[in-house]
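Residue numbers (this note's numbering): 4 to 190. Cβ coordinates follow ideal geometry from the N, Cα and C atoms, glycine included. Worksheet for the structure shown next.
So this is what it looks like as C-alpha cells:
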C-alpha cells in the first residue's frame, strides 16, 4: 500500500470498527498526513478512542461519528452483537434524528485536499459511496489506492469493480473480502 501512494494526502477509513486501518495508515505510510476514522457503533467508537489514545495519535487520527452512504437519508443501525464488524444501516423510512452523510458533502465542506487512500467496509453501502465520490469530488482529489470490502451477498457488489475500472482503477490485491485497487490513469 505504501508504495502505491503517490501524493501526500489523507487516509479515509469508512466503517473503521476498531480503527486498525486508520492507525496503521498513519503509522506506516509517510505520505499520509492525517487519518479519518468513520464509525457509528458506540462500542467500536470506544475501541477507536482507546486505540488512538494508546498510540498517542490524538492529533493524527480523527474519529468521525457519522454513517456514510451514497445519499443523505435517515437511518437505523442494525447491530450484530456476535460480530459487531457486520453491523449495517438501513434507511427504510425511519423518522428519527439519525442522518447519514455523503462522503462528498463531508469532504467538500471539511477537507478539500488530496485523498491518498480510502478503505470502505460499510456493509452494502460501498457502491453508492463510490458513485458519490466519482460524481461529486473533483478527480484530482481521488485516492491513489482504494481498498473495498466486496461482500457478494449485497445486491450491488458485482458493480463495484465495474465502477472502479470505469474510473481508471485496476485490481492489484485481495485478502479475504478486501480488494485493493490502484489508480492507473490521472484524469
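For residue i, the residue or residues it bridges with in DSSP
{"i": "residue 77", "result": "102"}
{"i": "residue 93", "result": "79"}
{"i": "residue 120", "result": "14 and 148"}
{"i": "residue 181", "result": "152 and 178"}
{"i": "residue 64", "result": "38"}
{"i": "residue 24", "result": "BP columns for residue 24 are empty, so no partner."}
{"i": "residue 254", "result": "Limits of the chain in this structure are 4 at one end and 190 at the other, which puts residue 254 out of reach."}
{"i": "residue 71", "result": "104"}
Contact belief for residue i with residue j at Cβ below 8 Å, rounded distance in angstroms
{"i": "residue 117", "j": "residue 17", "result": "Contact doesn't hold; Cβ gap of about 17 Å is too wide."}
{"i": "residue 89", "j": "residue 131", "result": "Rounded, the Cβ-Cβ distance is 18 Å, inconsistent with contact."}
{"i": "residue 37", "j": "residue 69", "result": "Between residue 69 and residue 37 the Cβ distance is about 16 Å, and since that is not below 8 Å, they are no contact."}
{"i": "residue 26", "j": "residue 49", "result": "With 8 Å as the limit, residue 26 and residue 49 do not qualify as a contact, their Cβ atoms being about 15 Å apart."}
{"i": "residue 119", "j": "residue 34", "result": "6 Å"}
{"i": "residue 152", "j": "residue 170", "result": "The Cβ separation is near 18 Å, so there is no contact."}
{"i": "residue 24", "j": "residue 67", "result": "Residue 24 to residue 67, Cβ: 14 Å. No contact."}
{"i": "residue 22", "j": "residue 57", "result": "Their Cβ separation, rounded to whole angstroms, is 10 Å, which puts residue 22 and residue 57 out of contact at 8 Å."}
CA-to-CA distance, residue j to residue i, given in whole angstroms
{"i": "residue 190", "j": "residue 167", "result": "Because residue 190 carries a pLDDT of 47, less than 50, the predicted location of this residue cannot be relied on, and no value is offered for it."}
{"i": "residue 172", "j": "residue 59", "result": "34 Å"}
{"i": "residue 112", "j": "residue 19", "result": "21 Å"}
{"i": "residue 164", "j": "residue 136", "result": "15 Å"}
{"i": "residue 32", "j": "residue 74", "result": "31 Å"}
{"i": "residue 77", "j": "residue 139", "result": "21 Å"}
{"i": "residue 44", "j": "residue 174", "result": "30 Å"}
{"i": "residue 82", "j": "residue 126", "result": "12 Å"}
Nearest neighbour of residue i, chosen from the options [CA to CA]
{"i": "residue 12", "options": "104, 169 and 146", "result": "146"}
{"i": "residue 142", "options": "15, 107 and 113", "result": "107"}
{"i": "residue 185", "options": "23, 148 and 126", "result": "148"}
{"i": "residue 41", "options": "83, 57 and 110", "result": "110"}
{"i": "residue 79", "options": "65, 94 and 87", "result": "94"}
{"i": "residue 86", "options": "22, 155, 174 and 47", "result": "47"}
{"i": "residue 155", "options": "124, 134 and 176", "result": "124"}
{"i": "residue 157", "options": "179, 129 and 133", "result": "129"}
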